[in-house]
Amino acid sequence: MRGRIPDSFIDELLARVDIVDVIERRVPLKKAGREWTACCPFHDERSPSFYVSPAKQFYHCFGCGVHGSAVKFLMEYERLEFPDAVEELAQSVGLTVPREGGRDERPREDKTDLYALLDASASWYQQQLPKSPEAQAYCKKRGLDADTIARFRLGWAPAGFDGVIKALGTSDKRLQLLNEAGMVASNERGNKYDRFRERLMFPILDRRGRVIAFGGRVLQSEQGPKYLNSPETPLFHKGRELFALWQVKQANAKLERIVVVEGYMDVIALHQAGLPIAVATLGTATTPEHTEVLFRAAPDVVFCFDGDRAGRAAAWKALESALPRLRDGRQAYFLFLPDGEDPDSLVRKEGKDGFEKRIREAMPLSDYFFNELSHDVNMSSLDGRARLAERARPLIAKLPDGAFRDLMAQELEKRSGARATFETPAVQRAVQRPVAVQRSLVRSAIALLLAQPGLADQVVRPYGFLRLDKPGVELLAELIDLARSRPGINPASLVEHYAERSEYPALQKLMAAAAVGEPETQKVEFFEALARMEQQAVAQRRDALVAKSREGALSDAEKTELRELLAAKRVPTAAAE
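Numbers given in my numbering equal positions in the sequence shown, counted from 1, plus 8.
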């Protein structure tokens, strides 16, 4: 069971949905033999390397390596949590997701109630906006038109300590939900009061357009912190969410570039000016989760910051978060604004065309990287160039293996004179190759079984290969038993049973390794692998007994076993054709 969704339901769901239909609604697919193919939606490419197998109900990209089931695709493409991806798939085929037990777990319905309550809160704040002359005057001063106010669902939190509580906390349960949603706070005596008061309210939406939190801006600086965000809740994690990403996706069928700015009003000003490509982090530095979401949305990401010390510190944190995610095809840029300016003020002065020109001329990550690392270094001295190399090497090592990493290493060598050598994934694979050879037979058998789970029915019990002392042998036996117990299970469903176990990533890679191949050939290779594993098990046992016999420590039964093993020329296969 994953969370509280029964495994049996996941099996039924993945058997009911067609992964080709699920993906084709989001990515145009073309028939290619038994598979379907497309340019990968997860990295930028010109030639299709993304394959979808209807037989295996599995997708795999031979370019960037992503792979998985229909559930995994929705999680990655739509950036959904596992339960939400299951819910969406279930709705598409008319199934209701069942739940299983756990006294300490909050019922799933409460999460739905949280969404509903937050949406009602946004509507209530919207109703208060026209009633506040102060808020109306501020919106007019900032040049916000009615369409923008409606599109972003801007609202007003009036003065007083119980406006939201009186409007929406009409029962103990609803008051508890308000507390859980971060809409109310408590004083030292335990009395609850509205968290947001006298603030312009910005609803924060998730990737499905649902309200999950709020940001509130004071109109007078003496009224408290300029911006106040909702606290972390079951729905809201500020290190993962981006303000206005939903609006950006609604406005752009195909997004080539996305701009990250620092404030809510900067985002809204750019959208209103005709640049609906701006998002903002939520009062926190750019996190690795943010950068992954950004690059999933667009291949080019422009980080826009003030040119002061704080802005440059924030930019460097964004660079560090972006480095491990700069697979080939992804590019990051940095735009630093003139002193005293922000995107809101600049787009008012220069208009859409002027700000677009600044975006086009933004500094590539590579230039910013080397400029920042060498700004206080004497590059004319040997010591200075050595210092640059020492600073740059560990950062370049974070880049994924590929053309960009190679070019960054070459640039470092050009600037410093020091060879930039790293333990690339290719080197790591070479180092690990002796181990891989030892394990390749077991791994091959698992991969072939994942390609055709029905082969498990033809494996004769007891499993002779279980005597082999090698990593993965017990997992292979477990997979065979699981496939036997669920006749007709497809490969994706079989792997999903391990979604919460440490073996899950490895099993996904192994399934991808056998994603393409002739079924009859794979069947022959599978049973040949089992036979060879049995032979290795016999040889392993024989060698152990021979070593023990040299010490004179064999029992009578072991002596008999050793004589039989030495006499045996071949061990019968465990497969029944």
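Don't be surprised by glycine CBs; every beta carbon is placed ideally from N, CA and C.
Counting the other CB atoms within 10 Å of its CB gives P211 a total of 16 or more, which places it among the buried residues.
Rounded to whole angstroms, the gap between the alpha carbons of P495 and K38 is 31 angstroms. One Cα belongs to A143, the other to F378, and the distance between them is close to 45 angstroms.
The beta-bridge partner set that DSSP reports for V268 consists of V287, F311. For the options I367, L327, P307, the alpha carbon positioned closest to that of R338 is the one of P307.
With a 10 Å radius around the Cβ and a threshold of 16 neighbouring Cβ atoms, R33 comes out exposed. Within the same chain, and ignoring the five residues on either side of Y85 in sequence, the residues whose Cβ sits closer than 7 angstroms to its Cβ are R34, P49.
Using a Cβ distance threshold of 9 angstroms, L227 and V287 do not count as a contacting pair. With contact defined as three or more Cβ pairs closer than 8 angstroms, the segment 145-164 and the segment 174-184 are not in contact. Non-local C-beta neighbours of A281 in its own chain, meaning closer than 6 angstroms and more than five positions away in sequence, comprise V355, K360, ordered along the chain. A Cβ-Cβ separation of about 5 angstroms places Q530 in contact with L456 under the 8 angstroms criterion. By the CB criterion at 9 angstroms, L327 and L396 fall outside the cutoff. By the Cβ test, the segment 15-33 is in contact with the segment 494-510, since at least three Cβ pairs between them sit closer than 8 angstroms.
Counting along the chain, F17 sits inside the alpha helix (DSSP H) bounded by residues 15-24. DSSP places V503 inside the alpha helix (DSSP H), whose first and last residues are 499-504. CA-CA distance, A405 to T289, rounds to 26 angstroms. With the rule of 3 Cβ pairs closer than 8 angstroms, the segment 532-544 does not count as touching the segment 91-102.
Going by beta carbons, L125 and W164 fall outside the 9 angstroms limit. Between the segment 55-72 and the segment 483-500, the count of C-beta pairs closer than 8 angstroms reaches three or more; the two stretches touch.
Each of D336, A394, H279 was checked against the Cα of G151, and the nearest Cα belongs to H279. Under DSSP, I404 forms no beta bridge with any residue. Leaving aside the five residues that flank R366 on each side, the residues in its chain whose CB is nearer than 7 angstroms to its CB run, in chain order, L343. Residue burial is scored here from C-beta neighbours: T299 has at least 16 other C-beta atoms within 10 angstroms and is therefore classed as buried. Cβ contact annotation for L463 (same chain, cutoff 7 angstroms, sequence separation greater than five): L457, K531, F534, in chain order. Spatial neighbours of L574 in its own chain (CB-CB distance under 8 angstroms, excluding positions within 5 residues in sequence) are listed in chain order as R550. Across the structure, R399 and H75 are spaced so that their CA atoms are roughly 35 angstroms apart. The alpha-carbon separation between P138 and S129 amounts to approximately 16 angstroms. The three-state secondary structure of F169, taken from DSSP, is coil. A Cβ-Cβ contact shorter than 9 angstroms links V219 with D127.
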